Structure formats: structure tokens, C-alpha cells
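Enquirer: Protein sequences appear in the order of chains E, P, S and F.
So this note's numbering is basically just the index in the first sequence, starting at one, shifted up by 15.
So this note's numbering is basically just the index in the second sequence, starting at one, shifted up by 15.
So this note's numbering is basically just the index in the third sequence, starting at one, shifted up by 15.
So this note's numbering is basically just the index in the fourth sequence, starting at one, shifted up by 15.
Where a beta carbon is used, it is the ideal one built from N, C-alpha and C, also for glycine.
This one's a predicted model, so the numbers in the text were calculated from it and none came from an experiment.
Provided herewith is a single structure, encoded as C-alpha cells, for subsequent inquiry.
Number of protein chains: 4
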Amino acid sequence: MMELKSSTTFRVRFNEVDSMNITWHGHYVTFFEDAREAFGREYDIDYLTIHREGYYAPLVDIHVEYKSPLIYGDEARIEITYKDCDAAKIIFEYKIFNLRDGKLAAKGSTTQVFMDKDYRLVLYPPDFFIKWKIKNGLREE
Amino acid sequence: MMELKSSTTFRVRFNEVDSMNITWHGHYVTFFEDAREAFGREYDIDYLTIHREGYYAPLVDIHVEYKSPLIYGDEARIEITYKDCDAAKIIFEYKIFNLRDGKLAAKGSTTQVFMDKDYRLVLYPPDFFIKWKIKNGLREE
Amino acid sequence: MMELKSSTTFRVRFNEVDSMNITWHGHYVTFFEDAREAFGREYDIDYLTIHREGYYAPLVDIHVEYKSPLIYGDEARIEITYKDCDAAKIIFEYKIFNLRDGKLAAKGSTTQVFMDKDYRLVLYPPDFFIKWKIKNGLREE
Amino acid sequence: MMELKSSTTFRVRFNEVDSMNITWHGHYVTFFEDAREAFGREYDIDYLTIHREGYYAPLVDIHVEYKSPLIYGDEARIEITYKDCDAAKIIFEYKIFNLRDGKLAAKGSTTQVFMDKDYRLVLYPPDFFIKWKIKNGLREE
Numbered sequence: 016m017m018e019l020k021s022s023t024t025f026r027v028r029f030n031e032v033d034s035m036n037i038t039w040h041g042h043y044v045t046f047f048e049d050a051r052e053a054f055g056r057e058y059d060i061d062y063l064t065i066h067r068e069g070y071y072a073p074l075v076d077i078h079v080e081y082k083s084p085l086i087y088g089d090e091a092r093i094e095i096t097y098k099d100c101d102a103a104k105i106i107f108e109y110k111i112f113n114l115r116d117g118k119l120a121a122k123g124s125t126t127q128v129f130m131d132k133d134y135r136l137v138l139y140p141p142d143f144f145i146k147w148k149i150k151n152g153l154r155e156e
Numbered sequence: 016m017m018e019l020k021s022s023t024t025f026r027v028r029f030n031e032v033d034s035m036n037i038t039w040h041g042h043y044v045t046f047f048e049d050a051r052e053a054f055g056r057e058y059d060i061d062y063l064t065i066h067r068e069g070y071y072a073p074l075v076d077i078h079v080e081y082k083s084p085l086i087y088g089d090e091a092r093i094e095i096t097y098k099d100c101d102a103a104k105i106i107f108e109y110k111i112f113n114l115r116d117g118k119l120a121a122k123g124s125t126t127q128v129f130m131d132k133d134y135r136l137v138l139y140p141p142d143f144f145i146k147w148k149i150k151n152g153l154r155e156e
Numbered sequence: 016m017m018e019l020k021s022s023t024t025f026r027v028r029f030n031e032v033d034s035m036n037i038t039w040h041g042h043y044v045t046f047f048e049d050a051r052e053a054f055g056r057e058y059d060i061d062y063l064t065i066h067r068e069g070y071y072a073p074l075v076d077i078h079v080e081y082k083s084p085l086i087y088g089d090e091a092r093i094e095i096t097y098k099d100c101d102a103a104k105i106i107f108e109y110k111i112f113n114l115r116d117g118k119l120a121a122k123g124s125t126t127q128v129f130m131d132k133d134y135r136l137v138l139y140p141p142d143f144f145i146k147w148k149i150k151n152g153l154r155e156e
Numbered sequence: 016m017m018e019l020k021s022s023t024t025f026r027v028r029f030n031e032v033d034s035m036n037i038t039w040h041g042h043y044v045t046f047f048e049d050a051r052e053a054f055g056r057e058y059d060i061d062y063l064t065i066h067r068e069g070y071y072a073p074l075v076d077i078h079v080e081y082k083s084p085l086i087y088g089d090e091a092r093i094e095i096t097y098k099d100c101d102a103a104k105i106i107f108e109y110k111i112f113n114l115r116d117g118k119l120a121a122k123g124s125t126t127q128v129f130m131d132k133d134y135r136l137v138l139y140p141p142d143f144f145i146k147w148k149i150k151n152g153l154r155e156e
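As C-alpha cells, this is what we get:
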């Protein structure tokens, strides 16, 4: 399967840890979104670009597996991988590594669909998305 | 000064406490907004009503003083008081009491202004707001 | 499979919707936690009880499927179902229904494990958890 | 008055804007905390250092004035200034500038006090804090 990859680093904030001093599980959703936005800016497929093309790309599915806790002050690297498919979907996989000990902290995936400006589900990949795939070597012209 | 009051209760969530087991200070902004929304529903001045009238009411000022910590599981009562003034402003004061010990947990205030749909500041109180004041006995017809 | 159920309602807050006016997907993790805490208070298995027994119960897995958007001001009912299993795990399933139109807004699941106070994974169900199951008719004495 | 300054930049996240496409006011509390943590790492007065010295430094006061909205995708620079005083307090002032147009987006201040490990208020500046002031030229030996 064709893939595109990106990665970014972040530091766990004071307000992200819970009373056990470990990162509250809900914040990983934000870490994933930060990675997705960094990927989008790197590959020209960010929310603003999608919006300018006349679409929204809401999440329809998220899955997170927590492997090893991140504590306050930890630095982490998040790797995001775009998994190409034929459907009108954007599928990403994520891995978060704790830079303190090299351990896998969490992994997961998200699936997004396309909606037009009237909030109707789009069944076929939009033209701009096909062009984006071609430009990034995921599909032949 | 003419006032209108409302109050509501809430319970501190697990994800709202920090590693010291006390409520992270940033969440009080949400507690204030919850109180403001409850007030808005009670007195017909909620965000959706304001929006239907053609206005936004963004915050331009918030002040919070923290007096005594709320810990996980605490129930609290938040009192919100509308402080009437002649300007095109909505001013609220807030007090949060810990129901476990009766102590004042925090107090504060917010100021909102009116903007029209083009995001321009509105210098005079909108008609719907004047009518709202009359209806609530804050102003004579 | 033996099950225990609980349900609670909530209203979508202004700060929970995004620029498309629909509830940001990350907040569903909080909705799930709110349901879990309400379940815990109803069935005496809340975080504080678990903690008093000498354990933590961190999440190791969360899955959310988004079916239909919740918009600002919507009221919703969240149903939480405890799915009993023999392992040292707490598994919940969730369904969120939009009370405006009765539609399923989202569904999902979480898995929690037990850790002792030294943050070591507990491989067998703790005594207090076995007693809790018996008390709730999930297991014979 | 003696001052120490630091600054950092950030980008407004998708999940930080509201339905008006402007940054929800509550997130500025996090922006302030991010700046405070960056300052702390730069000047060796971060939460972990304070904690190792046997103290907490909870906020007792926050004030934010909103001047001009930050929208999704905007980059901003936050300037944080430590304002020295004789009391056992840590006072910071903040200014956030929108890098898109150079405008002042918001300004504000926070006050922190010291508590010992038993959560008792500390009335005199702790030794490590006095040494920190001397090291940073805020006080003579």
C-alpha cells in the first residue's frame, strides 16, 4: 500500500496530566490532530485547503491504544502515516514514541470522509483529492 | 445597581484536576461559561438568541480569583449575577462555592460586547437588548 | 453476556463546537468519561472507590465511531453498558443519541486495566472487583 | 521595576476556534501557561524545579483582556514578562501578537503564590526563590 509519512515532536503540558501525573487519555486525540495538521501543511492537504476546495473532512472513526504513559515534561515524537485507499476517505495511522525512553506510548488511527458545503456525504473522491494523489505519486495520471 | 441572578451546580470531573489533585485553573473559564449559558437559558439571552437577533457577544475581559481549591469529586455551586450598565456591554460576576465545606472556591467577572454579523463592534445597545432589559425590570419603558 | 447499564443526558456547550458548528470529535472522549463516572457513582465503582481499594484503572483502548453530528445547544442521551468478562479488565460500550432527532450520534467502547499503586499491571481481577461482580449479580459466590 | 522577558510562538489549532471561527477565549489560559512553562525552562523556574524544591506554585489570580481575534491557522507570538516584587509571589504579564497583521490579540497577567507540600500557604519567599532572584540579577547578594 502506498504511504506518505510525516513526524513532529511535542512536550507534555502541565494541564495535560491527571492526578496520577500521567497524560489524560483524551489529550491523545489532540496530539493526533496536531500531527494531522502538520502533515496537512507539509503535503498541502490541511483543513483550510480542503475548505477552499469546497469540502469538509470530518472524522468518522478514531481508535487509540495506550501502551506506556507519558508524564509531565516528557518529550514525544508522533509519526503519522497516510494510508492510501480507493474510497473517498482519508485514513491516517499514528505512533507516539516517548523520547525519554524510546518506548511506544500509543498508537492509533483515524478515518475521515468528505462532505460538501451543504454537509452531504461525498461518495466519490473529489477531483482535488485525485489530483493531490497524483501529485504525491499515489496514483498514475 | 439592578441585578439578575441565577445559580447552578456541577461536579469536578476526573479530567479537570491536575497532578496536585486540584482543579486546573483554566477550567474555571468553562465553569463561568456553563453558568452564563444556564443564565442565558433562564433569562432568554443565550448565545443562540443573541445570534438569531443578528449579533455576537464575544468576551473582551475575564478575571478570576482563586480562593480555595476544588478537588476531584467535589460538588460546587456557581452563582452568576448580571450587573446592569448603560453601555453596550454584558457584565457578569461569578462566585463558586464548594458544597463540601461551604467555602468560596473562586470569584470573578466577565465583560462581553456586541458585534454585528460583519464582526464590527456595536457602540449602542441593540434594540433586542433594550427590550430584554425592560422585560426583566432593569429599565422602564 | 452479563451487562449493567446506565444512562445520562448532557447539552452541547458553546466551547465544544468547532467552526463548522458541530461538536469537535475530541469532546466525545469527555462525554464517555462523564458517562463512566455516572455509572461508577450509580454502581459504586467510581475512580475514588477504585483508588481507595489500592488500584488505578487507566484506559488502554478507546474507539469512537461518529454517526451524526451534534450541534451547539443539542441535548443528548448517552447510554453506557458494562460488558462483563473474565479478564482483569473493565470494558464499556457507549451510545450517544441526539434528543433533537432521536438519531444515533456516536458509539464506541473503552477498555481499562488495573494497576497497583506502584503502577504495575495487575494480571488477575482484584478481590474488590470480584466482590463487586458478585454484588451486582454478574458472578455467583 | 526589574523584569525578565521571554517569548515564544504558536499556531492556532482547529480545535481551538469556535463556531465564529475565532479562538475560544478559554484557550488563552493555556497560551499563558505555555508561555509560563517556556519561561520556566529558559530561566530554571519551571513547575518541576519548584516541585523538587518542595513547593507548589498555584495560580491565585488571572486576568485576560481580548483585543483582536485570532482565527484558525493564525500564528502568534506571546511575550511573557516576570515582574519582580518583594512578596512571596510570582507575577507575570503577557502580550499576544498576531503575526498575520502585527496586532495585539490579547494581554493579561497571572499571580502565583507558594504552597508547601502540605498545601499550606508560604508567607515568605522560599530560599530557592531568593537564590533564583540573585542569580538572575533581580536582587543583590
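If you check the beta carbons only, do V44 of chain S and G41 of chain E fall under 7 Å apart?
Expert: Closer than 7 Å, so yes.
Enquirer: Go through its chain and collect everything with a Cβ distance to T96 of chain P's Cβ below 6 Å, but skip five positions before and after it.
Expert: Once the five neighbours on either side are set aside, the close Cβ partners of T96 of chain P are E18, K20 and E108.
Enquirer: Tell me whether the beta-carbon of L119 of chain E lies closer than 7 Å to the beta-carbon of K82 of chain E.
Expert: Yes.
Enquirer: Anyone know if the C-beta pair for E31 of chain F and T38 of chain F falls short of 7 Å?
Expert: Yes, the Cβ-Cβ distance between E31 of chain F and T38 of chain F is below 7 Å.
Enquirer: Could you tell me which chain E residues have their CB closer than 7 Å to the CB of Y8 of chain F, listed as they occur along the chain?
Expert: Coverage of chain F is limited to positions 16 through 156, which leaves residue 8 of chain F absent and any answer about it impossible.
Enquirer: Per DSSP, what are the beta-bridge partners of V163 of chain P in this structure?
Expert: Because chain P spans 16 through 156 in this model, residue 163 of chain P falls outside it and cannot be assessed.
Enquirer: If you draw a straight line from the alpha carbon of Y134 of chain E to that of D49 of chain E, how long is it in whole angstroms?
Expert: Near 24 Å, if we compare the C-alpha coordinates of D49 of chain E and Y134 of chain E.
Enquirer: What is the residue span of the alpha helix (DSSP H) that I145 of chain P lies within?
Expert: Run containing I145 of chain P: D142 to K150, per the alpha helix (DSSP H) assignment.
Enquirer: Report yes or no: do three or more beta-carbon pairs, one from the region 65–84 of chain F and one from the region 132–151 of chain S, lie closer than 8 Å?
Expert: Contact fails: fewer than three Cβ-Cβ distances are below 8 Å.
Enquirer: Are the CB atoms of L153 of chain E and D116 of chain E nearer to each other than 7 Å?
Expert: Cβ distance not < 7 Å, so L153 of chain E and D116 of chain E don't count as in contact.
Enquirer: Bridge partners of L74 of chain F, per DSSP?
Expert: Paired residue(s): F:Q127.
Enquirer: Go ahead and pull the three-state DSSP assignment for L63 of chain S.
Expert: The answer is helix: DSSP assigns L63 of chain S an H, G or I state.
Enquirer: Checking 7 Å against the spacing of the C-beta atoms, do E68 of chain S and F143 of chain S come in under that value?
Expert: Yes; because the gap between Cβ atoms is below 7 Å, this pair is in contact.
Enquirer: Taking the Cβ atom as the reference point for each residue, do Y71 of chain S and F29 of chain S lie within a distance shorter than 7 Å?
Expert: No, the pair does not count as a contact, with Cβ atoms beyond the cut-off.
Enquirer: Quick check: the Cα distance between K110 of chain P and L136 of chain S, rounded to an integer number of angstroms?
Expert: Roughly 42 Å between the two C-alpha positions.
Enquirer: Please tell me whether E94 of chain F has its Cβ less than 7 Å away from any Cβ of chain P.
Expert: Not an interface residue.
Enquirer: Would you say G88 of chain S lies against chain P (beta-carbon separation less than 7 Å)?
Expert: It does; some Cβ of chain P falls within 7 Å.
Enquirer: What did DSSP end up calling E108 of chain E once you bin it into helix, strand or coil?
Expert: E108 of chain E falls in the strand class under three-state DSSP.
Enquirer: Would D76 of chain E and T126 of chain E qualify as a contact pair, given that the criterion is a beta-carbon distance under 7 Å?
Expert: A contact, by the Cβ cut-off of 7 Å.
Enquirer: In chain P, what lies closer than 7 Å to L119 of chain F by C-beta?
Expert: Per Cβ cutoff of 7 Å: no residues; L119 of chain F is ~13 Å from chain P at best.
Enquirer: Using a C-beta to C-beta distance shorter than 8 Å, which residues of chain F count as neighbours of G41 of chain S?
Expert: Those are N30, listed as they occur along chain F.
Enquirer: Please report the straight-line C-alpha distance between T64 of chain S and T64 of chain P, rounded to a whole angstrom.
Expert: Cα-Cα distance, rounded: 42 Å.
Enquirer: Go through its chain and collect everything with a Cβ distance to R51 of chain S's Cβ below 8 Å, but skip five positions before and after it.
Expert: Same-chain partners within the cutoff: I95, F107 and T125.
Enquirer: Could you tell me which chain P residues have their CB closer than 7 Å to the CB of I36 of chain E, listed as they occur along the chain?
Expert: Note that residue 36 of chain E is Asn in the sequence shown here, rather than Ile. Here the neighbours are S34.
Enquirer: Only counting the same chain, and skipping five residues up and downstream in sequence, which positions put a Cβ closer than 7 Å to that of P73 of chain S?
Expert: Within the same chain, P73 of chain S has close Cβ partners Q127, V128 and M130.
Enquirer: Please list, in chain order, the chain F residues whose beta carbon lies closer than 9 Å to that of T45 of chain P.
Expert: By Cβ distance, chain F contributes G41.
Enquirer: If distances are taken between C-alpha atoms only, which option among E:Y58, E:D101, E:R26 and E:S34 comes closest to K132 of chain S?
Expert: Among E:Y58, E:D101, E:R26 and E:S34, the Cα nearest to that of K132 of chain S belongs to E:S34.
Enquirer: Using C-beta distances below 7 Å, list every residue in its chain close to P140 of chain E, excluding the 5 sequence neighbours before and after it, in chain order.
Expert: A103, listed in sequence order.
Enquirer: State the Cα-Cα distance for the pair Y58 of chain P and E156 of chain F, rounded to the nearest angstrom.
Expert: One C-alpha to the other measures close to 59 Å.
Enquirer: Could you check the C-alpha separation between G55 of chain E and R92 of chain S for me, to the nearest Å?
Expert: When rounded, the distance between both Cα atoms is 34 Å.
Enquirer: To the nearest angstrom, how far is the alpha carbon of F112 of chain S from that of A121 of chain S?
Expert: Each residue's alpha carbon lies about 7 Å from the other.
Enquirer: Starting from I77 of chain S, find everything on chain E with Cβ-Cβ shorter than 7 Å and list it in chain order.
Expert: Correct list: H40 and V79.
Enquirer: What residues of chain F sit near E48 of chain E, judged by a beta carbon separation below 9 Å?
Expert: Near E48 of chain E (Cβ distances below 9 Å), the residues of chain F are R28, F29 and N30.
Enquirer: Quick one: does the C-beta of K82 of chain S sit closer than 6 Å to a heavy atom of the ligand ZN?
Expert: For the structure depicted, the ligand ZN is absent and the ligand set is empty, with no information on it obtainable.
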